[in-house]
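Chemist: Take a look at this one; I'll ask things after.
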Amino acid sequence: RYIKNDNEELHHAAMTALGSKIVSSRQAQMAKIATDAVLSVADLERKDVNFDLIKVEGKVGGRLEDTCLVNGIVIDKEFSHPQMPKEIKDAKICILTCPFEPPKPKTKHKIDIKSAEDYKKLYKYEQKYFSDMVDTMLASGANLAICQWGFDDEANHLLYQRNLPAIRWVGGVELELIAIATGGRIVPRFSELTSAKLGRAGTVRELSLGTTDKDSMIVIEDCANSKTVTVLVRGGNQMAVDEAKRCLHDAMCCVRNLIRDSRVVPGGGCSEIAASIAVADAADKEPTVEQYSMRAFADALETIPNCLSENSGLQPLKTVAQVRNLQISTGKPVFGVDCIAQGTNDMWKQGVYEATASKIEQLSLATQVVKMILKIDDVMSPYDYDQFHSEPTLTETANDYVSNVI
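Each residue of the sequence shown is one higher than the one before, starting from 6 at the first, in our numbering.
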């Protein structure tokens with residue numbers, strides 16, 4: 006059947022995808038996060054989802070249930086100075102890929118400093134250069150600077166004095182996401198900075214997740230382009246965070262596939278048992294020897310419901326036989342293995358279903374692999390290969406015999 010591209014239907018599909026994952030204890034929460042993230046960036050008219058607009062960020066610490074969806078960008082950085090404001094309203098963001106320092110000369114000339122006055126002149130020139138860069142940013146209307154490169158303590162202190170918060174060492178991919186989300190332009194040179202190239206965001210705040218600077222993250226919310234979202238995954242250790250990120254990716258892929266093709270089939274091994282019954286009936290009507298391969302294919306299809314029953318602590322043969330009998334007696338291929346003991350085998354009532362396109366692809370690929378294996382006549386080990394080539398062929402043996410006779 007076809008499902009509607011709404012939260013409830015897609016939420017059920019995402020829950021099915023997460024049912025056997027390590028995050029199944031927070032199955033409903035994770036399914037809701039995955040569904041909301043995909044629907045936030047989905048183009049329902051074109052039935053397409055751009056995963057580049059969904060950023061999954063992990064942070065060790067906290068519990069799995071602390072995982073949340075942010076309508077904006079989250080970057081694993083902090084403000085460059087600890088006394089800079091921790092929250093900026095109506096942020097006008099200057100996105101820089103040029104270093105916040107005087108340019109290094111491309112010559113091999115050296116400057117000889119012979120007195121304190123010479124050093125003061127050089128220091129004043131550097132101060133003037135930093136001051137001019139800050140003036141350029143303030144003149145453009147920016148109240149937040151995000152730079153791909155770092156800057157030294159002198160520049161950092163000047164930014165703090167001029168009340169211009171800054172974030173340094175931001176990666177190139179994150180800069181692109183920030184530019185997309187805020188509607189800003191990446192500025193490669195200070196001379197090109199204008200107010201038209203600034204990004205806009207409702208709020209930029211530093212989120213404290215612990216007691217040290219390394220436990221802080223920058224959250225950019227209420228962006229001009231609200232399609233960009235970030236999933237902030239929490240966990241007790243890095244392995245738990247990585248596994249939760251993989252589980253969320255699988256759930257988001259499931260939701261994306263349903264947006265592209267909204268056809269679904271009931272889960273719990275329903276489709277495999279129904280296909281097995283149909284192939285077995287077709288085998289009974291086949292008069293040739295092909296009926297044996299068809300019956301073998303029908304038996305192979307029941308492997309998945311058998312595995313589901315065994316993993317659920319049920320008796321595989323008895324459970325699959327009961328489900329098979331239910332489908333045959335009612336004529337409805339909606340009955341599957343009741344893995345979570347809901348008291349009914351109707352998978353539609355349980356809300357357990359899978360994408361039709363994925364199921365077709367699985368059976369097709371499995372069949373192709375088996376066909377490739379069946380084309381192999383024999384397997385030869387390296388030892389057998391060497392022995393085969395070391396033994397004389399029939400022609401060589403005959404030539405040796407003729408030579409001996411002569």
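C-beta atoms are modelled at their ideal positions from N, C-alpha and C, and glycine is treated no differently.
Tell me whether the beta-carbon of I264 lies closer than 9 Å to the beta-carbon of L69.
Modeler: Position 259 of the sequence shown, counting from 1, holds the residue named residue 264. Position 64 of the sequence shown, counting from 1, holds the residue named residue 69. No, they are not a contact pair.
Chemist: Leaving out five residues on either side along the sequence, give the residues of the same chain with a beta carbon under 7 Å from the beta carbon of V65.
Modeler: As a working mapping, residue 65 is identified with position 60 in the sequence shown. G240, N242, Q243, V246, listed in sequence order.
Chemist: Going by alpha carbons, who is nearest to Y128 out of S369, E106, D81?
Modeler: Residue 128 sits at position 123 when you count from the first residue of the sequence shown. Looking at the Cα atoms, E106 is the closest of the given residues.
Chemist: Return the chain-ordered list of same chain residues with a C-beta closer than 7 Å to the C-beta of T324, the five sequence neighbours on each side being excluded.
Modeler: If you number the sequence shown from 1, residue 324 lands on position 319. The answer, listed in chain order, is S314, V342.
Chemist: Taking all protein chains shown into account, decide if Y358 is buried (16 or more other Cβ within 10 angstroms of its Cβ) or exposed.
Modeler: One-based indexing of the sequence shown puts residue 358 at position 353. Result: buried.
Chemist: Just grab the DSSP bridge partners of V61 for me.
Modeler: In the sequence shown, residue 61 corresponds to position 56, counting from 1. In DSSP, V61 forms a bridge with V236.
Chemist: In three-state DSSP terms, what is K202?
Modeler: Position 197 of the sequence shown holds residue 202. If DSSP states are grouped into helix, strand and coil, K202 belongs with the helices.
Chemist: Residue range of the beta strand (DSSP E) that K228 falls in?
Modeler: Residue mapping note: residue 228 aligns to position 223 of the sequence shown, counting from 1. Note that residue 228 corresponds to Cys in the displayed sequence, not to Lys. Taken as a continuous stretch (DSSP letters only), the beta strand (DSSP E) holding C228 covers 221 to 228.
Chemist: Kindly identify the DSSP beta-bridge partner or partners of C152.
Modeler: If you number the sequence shown from 1, residue 152 lands on position 147. DSSP lists L101 as partners of C152.
Chemist: Since K376 sits in a beta bridge, which residues does DSSP pair it with?
Modeler: For the purposes of this step, residue 376 is identified with residue 371 of the sequence shown, where counting begins at 1. Answer is none; K376 lacks a bridge partner.
Chemist: Determine which residues share a DSSP beta bridge with A171 and list them.
Modeler: Position 166 of the sequence shown, counting from 1, holds the residue named residue 171. Its beta-bridge partners are A150.
Chemist: Kindly indicate which residue of C344, A147, A229, A171 has the alpha-carbon position closest to the one of N311.
Modeler: As a first step, residue 311 is located in the sequence shown; it is residue number 306 there, counting from the start. Of the listed residues, the one whose Cα sits closest to N311 is C344.
Chemist: Would you kindly work out how many angstroms separate the C-alpha atoms of V54 and R261, rounded to a whole number?
Modeler: Residue mapping note: residue 54 aligns to position 49 of the sequence shown, counting from 1. Residue mapping note: residue 261 aligns to position 256 of the sequence shown, counting from 1. Spanning the two alpha carbons is a distance of roughly 6 Å.
Chemist: Going by Cα to Cα distance, which pick from S136, T72, D41 is closest to L169?
Modeler: Within the sequence shown, residue 169 is the residue found at index 164, counting from 1. Closest by alpha carbon: S136.
Chemist: Please classify T21 as buried or exposed, where buried requires at least 16 other C-beta atoms within 10 Å of its C-beta.
Modeler: Counting from 1 along the sequence shown, the entry for residue 21 is found at position 16. Result: buried.
Chemist: According to DSSP, which residues form a beta bridge with F213?
Modeler: Sequence index remark: in the sequence shown, residue 213 carries index 208 (1-based). With the sequence shown as reference, residue 213 is identified as Ser, and Phe is not the correct amino acid for it. S221.
Chemist: Which residue wins for smallest C-alpha separation from A301, given the options A283, N316, N161?
Modeler: Position 296 of the sequence shown, counted from the first residue, corresponds to residue 301. Nearest option by C-alpha distance: A283.
Chemist: Where does T208 fall in DSSP's three states?
Modeler: Locating residue 208 in the sequence shown gives position 203, counting from the first residue. Strand.
Chemist: Over the uninterrupted beta strand (DSSP E) stretch that includes V269, give me the two end residues.
Modeler: Reading the sequence shown from its first residue, position 264 is the one you call residue 269. Counting along the chain, the beta strand (DSSP E) containing V269 begins and ends at 269 to 271.
Chemist: Pick helix, strand or coil for E14, following the three-state DSSP scheme.
Modeler: In the sequence shown, the residue the question calls residue 14 occupies position 9. Helix at E14.
Chemist: Measuring CB to CB, does L198 end up less than 9 Å from S145?
Modeler: Taking the sequence shown and counting its residues from 1, the one referred to as residue 198 is at position 193. Taking the sequence shown and counting its residues from 1, the one referred to as residue 145 is at position 140. Taking 9 Å as the Cβ cut-off, L198 and S145 qualify as a contacting pair.
Chemist: So, do the segment 150 to 163 and the segment 115 to 135 have three or more beta carbon pairs nearer to each other than 8 Å?
Modeler: They touch, by the three-pair rule.
Chemist: Taking the alpha-carbon positions, what's the P104 to G67 distance?
Modeler: Position 99 of the sequence shown, counted from the start, is the residue given in the question as residue 104. Position 62 of the sequence shown, counted from the start, is the residue given in the question as residue 67. In a straight line, the C-alpha of P104 is about 35 Å away from that of G67.
Chemist: Could you compute how far the alpha carbon of A39 sits from the alpha carbon of A47?
Modeler: One-based indexing of the sequence shown puts residue 39 at position 34. One-based indexing of the sequence shown puts residue 47 at position 42. Approximately 12 Å, taken between the alpha carbons.
Chemist: Residues in the same chain with beta-carbon distance under 8 Å from I172, minus the five sequence neighbours each way, listed in chain order, please.
Modeler: If you number the sequence shown from 1, residue 172 lands on position 167. Closer than 8 Å at Cβ, skipping near neighbours: I80, K82, E83, F84, S85, L149, A150, I151, C152, I223.
Chemist: Specify, as a first and last residue, the run of the alpha helix (DSSP H) that I282 falls within.
Modeler: For the purposes of this step, residue 282 is taken as residue 277 along the sequence shown, with counting starting at 1. Element bounds for I282: 275 to 289.
Chemist: Residues bridged to F340 by DSSP?
Modeler: The residue you call residue 340 lines up with position 335 of the sequence shown. DSSP, once it has assigned bridges, lists D351 as partnering F340.
Chemist: Using only CA atoms, which one of V75, E179, P271 lies nearest to A42?
Modeler: One-based indexing of the sequence shown puts residue 42 at position 37. Selected option, being the one with the closest Cα: V75.
Chemist: For the alpha helix (DSSP H) that contains I185, what are its first and last residues?
Modeler: If you number the sequence shown from 1, residue 185 lands on position 180. From DSSP, the alpha helix (DSSP H) with I185 extends over 177 to 187.
Chemist: In the DSSP assignment, find the alpha helix (DSSP H) that holds I264 and state where it starts and stops.
Modeler: Here residue 264 is taken as the residue at index 259 of the sequence shown, counted from 1. Run containing I264: 243 to 265, per the alpha helix (DSSP H) assignment.
Chemist: Could you tell me the alpha carbon to alpha carbon distance between D289 and Q296, rounded to whole angstroms?
Modeler: Position 284 of the sequence shown, counted from the start, is the residue given in the question as residue 289. Position 291 of the sequence shown, counted from the start, is the residue given in the question as residue 296. The straight-line gap from Cα to Cα measures roughly 7 Å.
Chemist: Is L214 closer than 9 Å to V238 when the C-beta atoms are compared?
Modeler: By one-based count along the sequence shown, residue 238 stands at place 233. By one-based count along the sequence shown, residue 214 stands at place 209. No, Cβ-Cβ distance for V238 and L214 is not below 9 Å.
Chemist: Label I100 either buried or exposed according to how many other C-beta atoms from any shown protein chain fall within 10 Å of its C-beta, with 16 as the threshold for buried.
Modeler: Along the sequence shown, read from residue 1 onward, the residue named residue 100 stands at position 95. Answer is buried; the Cβ neighbour count reaches 16.
Chemist: For the beta strand (DSSP E) holding A346, just list the boundary residues, first then last.
Modeler: The residue you call residue 346 lines up with position 341 of the sequence shown. Careful: A346 lies outside any beta strand (DSSP E) and carries neither H nor E.
Chemist: Does DSSP put I118 in a helix, a strand or coil?
Modeler: Counting from 1 along the sequence shown, the entry for residue 118 is found at position 113. In this structure, I118 counts as coil in the three-state DSSP scheme.
Chemist: For the beta strand (DSSP E) holding V357, just list the boundary residues, first then last.
Modeler: As a first step, residue 357 is located in the sequence shown; it is residue number 352 there, counting from the start. That residue, V357, is in no beta strand (DSSP E); it is neither H nor E in DSSP.
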